[in-house]
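Note sheet for the following structure.
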Amino acid sequence: MFGILDRYYVGRKKGVIGEDIDWSARINDSGTSNDSWYCFVPKLVMKNGFVWRGLVPHEGRVVVYTTSYINLIVPNAVKTRDNLRVIYDDAIKKMQQDSSRGRKINVLGVSIGNVLSVRLANEVSGSRINRLVSIVGGGFLGRSAWDSIATRDVAQNSGCDSVEEYEEILAEFGPAYYLPNIFAEKVFARFGGNDLMIRYNPHGMELRNSLEKMEAHSRDIKTYKRFDHSSTILRTSWEKLHERVK
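Under the numbering used here, the first residue of the sequence shown carries the number 26, and numbering increases by one thereafter.
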């Protein structure tokens, strides 16, 4: 889509300094599945029933956190890190409880949600996870945010003199740092070659390379060359992700 949807989406958010979003977990228990899913998805997914039904798993214990780059990425790098820690700390408590009960842990990260889902996967006992699903993520949070059309103005005015300094503060939420330690039964990932919100070159490619190198029994990793960030999310939903990762 050559970035058209990304530019439109970010343009609509211009001037918005905060979104009315409840970050606390939405939890649904259904069926007899022993799976627990920890999902970190943007408002775009949560507010659209069609996209929600296509992306978010339906069976087992499904714990969903709504993310917003506007609320999370703020003009202070330390505060940005602390915003992410609030969600992460809540998720890890719930995940550890599920793990202690013998439930299979799975994670789904969409967009900025990848920085939370991958770090959470690293904390599973033995760093062994059932399914790891990654949609339009990047390898390193600080670097990705620094040149994103959605967050670059905020990131570059966060009190840091360089992208290296910014990345260092946010390093604990860099997926590529954790993936070498994680084993997954299945890895599923989708990227958009024309992504302007988390640029595929180099950030998406860095994450893709890390996902391809990590230990896993099976992988399904694709890049849709002409698709941007938003259209890749929509396409993955249309393909009924929740069915493909069963």
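C-beta: ideal position from N, C-alpha, C; glycine also. Small disclaimer: the values here were computed from a predicted structure and weren't measured.
What is the DSSP secondary structure of Pro67, counted as helix, strand or coil?
DSSP places Pro67 in the strand class (E or B) of the three-state scheme.
Taking the alpha helix (DSSP H) that Ile42 falls in, what are its first and last residues?
Judged by DSSP secondary structure, Ile42 falls outside any alpha helix (DSSP H); it is assigned neither H nor E.
Throw me the rounded Cβ distance for the Ser169 and His228 pair, which I believe falls under 8 Å.
Yes, Ser169 and His228 are in contact; Cβ-Cβ is about 4 Å, under 8 Å.
Quick one: any contact between the region 50–61 and the region 240–254, if contact means 3 or more CB pairs under 8 Å?
Proximity of the region 50–61 to the region 240–254 falls short of the contact definition, fewer than three beta-carbon pairs being nearer than 8 Å.
In whole angstroms, give me the CA-to-CA distance for Ile207 and Cys64.
Cys64 has its alpha-carbon roughly 17 Å from the corresponding atom of Ile207.
Only counting the same chain, and skipping five residues up and downstream in sequence, which positions put a Cβ closer than 8 Å to that of Arg233?
Here the set comprises Ala214, Phe216, Ile246 and Thr248.
Chain-order list of residues whose beta-carbon lies under 7 Å from that of Lys265 (same chain, five-residue window excluded):
Answer for Lys265: Gly79, listed in chain order.
In angstroms, rounded to a whole number, what distance separates the CA positions of Lys39 and Asp178?
Rounded to whole angstroms, Lys39 to Asp178 spans 11 Å at the Cα level.
8 Å CB neighbourhood of Glu193 in its chain, flanking five on each side removed
Excluding residues within five positions, the ones whose Cβ falls inside 8 Å are Gly167.
Would you kindly check if the distance between the Cβ of Met222 and the Cβ of Ala180 is under 8 Å?
Not closer than 8 Å, so no.
Return the chain-ordered list of same chain residues with a C-beta closer than 8 Å to the C-beta of Gly163, the five sequence neighbours on each side being excluded.
Asn139, Ser169, Pro200, Ile223, Arg224, His228, Gly229, Glu231 and Leu232, listed in sequence order.
Taking the straight line between their C-alpha atoms, what separation do you get for Met120 and Phe165?
C-alpha separation (whole angstroms): 23 Å.
Quick one: what does DSSP say Lys20 is sitting in, helix, strand or coil?
The displayed coordinates of the chain run from 26 to 271. Any statement about residue 20 would go beyond what the structure contains.
Check Val35 in the structure and name its three-state DSSP category.
In the three-state scheme derived from DSSP, where H, G and I count as helix and E and B as strand, Val35 is classed as helix.
Please tell me whether Arg86 and Ser61 are closer than 8 Å, where the distance is taken between their beta carbons.
At the C-beta level, Arg86 and Ser61 come within 8 Å of one another.
List in chain order: all unbroken alpha helix (DSSP H) runs of 4+ residues lying wholly within the region 124–198.
Assignment of alpha helix (DSSP H) within the region 124–198, counting only whole runs of 4 or more residues, yields 139–147, 166–171, 177–180 and 188–195 in chain order.
At the level of alpha carbons, what is the spacing between Lys250 and Asp172?
Rounded to the nearest angstrom, the two C-alpha atoms are 19 Å apart.
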